[in-house]
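Working notes, structure below.
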Amino acid sequence: GESVGLHLPTLSVQEGDNSIINCAYSNSASDYFIWYKQESGKGPQFIIDIRSNMDKRQGQRVTVLLNKTVKHLSLQIAATQPGDSAVYFCAEIPNQAGTALIFGKGTTLSVSS
Amino acid sequence: DTGVSQNPRHKITKRGQNVTFRCDPISEHNRLYWYRQTLGQGPEFLTYFQNEAQLEKSRLLSDRFSAERPKGSFSTLEIQRTEQGDSAMYLCASSLEFTGSSYNEQFFGPGTRLTVL
């Protein structure tokens, strides 16, 4: 599968490959971390979240890993499909009141068939 | 469609004019958020309401911006004396109240794209 160690603005993969998108977050006190997918002309769409007391969470074809030591978050997409092409953002909730989402830099995923 | 809706979807205005956007959240959601997104960037938080009360405002929300949610349902965002730097996508989101034990997803609307000439 295709992966990136540091955040890159774009990632191109072949259909069927696994994709790994990375994100660095800023606030060590943040309690929740969320991945959103944004397709062209649409608002962000929730993919998966993970709480700070976990280091891994799995969903349907997606896995989120959290490394609090280095403040790093990753999203793994298994068997990437053309419909996965979009911009992916990580976000953190920096306070216990659970209000504003603080978004990181996006990664544009392009899937070719 | 029971998702978050925003109107208008696109707005073109001349510098100095006032504009107002509307957001209709998911009906049972008591929290409503406004974000701004410029090209190539992630959304930036502007403000949020719990029911009709505006509980938090970002420093990005200058005094030319005002948001209301008078009956705790729909919300409006007004920008007075628009500037070219206000050109962006304005996104609205809604959620249930945060309980602390789990994340209550913020559901986003399609946004209103503002172009200030």
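Each protein sequence line maps, in turn, to chains A and B.
Residues in the first sequence are numbered consecutively from 1, following this note's numbering.
Residues in the second sequence are numbered consecutively from 1001, following this note's numbering.
All C-beta atoms in this analysis are idealised placements derived from N, C-alpha and C, irrespective of residue type, glycine included.
Beta carbon proximity, residue i to chain A, threshold 8 Å
i	result
B:Q1106	yes
B:P1110	yes
B:L1096	no
B:L1114	no
B:L1077	no
B:L1091	yes
B:L1117	no
Proximal chain A residues relative to residue i, where beta-carbon distance stays under 7 Å
i	result
B:Y1103	Y32, I34, D49
B:P1043	P44, F103
Which residues DSSP lists as bridging residue i, in chain order
i	result
A:F103	A:A91
B:E1028	Per DSSP, none; premise fails for B:E1028.
B:T1112	B:Y1090
B:K1057	B:T1047
A:S12	A:S110
B:L1096	None; B:L1096 has no bridge partner.
A:I47	Beta-bridge pairing links A:I47 to no other residue.
B:Q1006	B:C1023
Beta-carbon neighbours of residue i, restricted to chain A and to distances below 8 Å
i	result
B:E1052	Chain A residues near B:E1052: none, gap ~16 Å exceeds 8 Å.
Closer than 8 Å to chain B by CB, residue i
i	result
A:G59	no
A:G83	no
A:V4	Bear in mind that a pLDDT of 34 at A:V4, under 50, signals an unreliable position, so the model cannot answer this.
Beta-carbon neighbours of residue i, restricted to chain B and to distances below 8 Å
i	result
A:A100	Y1033, F1045, Y1048, E1056, S1058
Contacts of residue i in chain B (Cβ-Cβ under 7 Å)
i	result
A:G16	Chain B residues near A:G16: none, gap ~28 Å exceeds 7 Å.
Min CB distance residue i to chain E below 8 Å
i	result
A:Q60	The question asks about chain E, but that chain is absent: this structure's protein chains are A and B.
Are there three or more Cβ pairs, one per stretch, closer than 8 Å when the segment 1019 to 1027 of chain B is compared with the segment 1083 to 1098 of chain B? A contact exists between the segment 1019 to 1027 of chain B and the segment 1083 to 1098 of chain B.
For the 8 Å Cβ check, are there 3 or more pairs between the segment 1034 to 1046 of chain B and the segment 1074 to 1093 of chain B? The answer is yes - the segment 1074 to 1093 of chain B touches the segment 1034 to 1046 of chain B, with three or more Cβ pairs under 8 Å.
The segment 65 to 78 of chain A / the segment 1061 to 1076 of chain B touching (three or more Cβ pairs under 8 Å): At 8 Å Cβ cutoff, the stretches do not touch.
Within 8 Å, do at least three Cβ pairs link the segment 55 to 63 of chain A to the segment 1009 to 1022 of chain B? When C-beta atoms of the segment 1009 to 1022 of chain B are compared with those of the segment 55 to 63 of chain A, fewer than three pairs fall below 8 Å, so the two segments do not count as touching.
Give a yes or no on contact between the segment 28 to 41 of chain A and the segment 80 to 89 of chain A, applying the rule of three or more CB pairs nearer than 8 Å. Contact between the segment 28 to 41 of chain A and the segment 80 to 89 of chain A is present, because at least three Cβ pairs lie under 8 Å.
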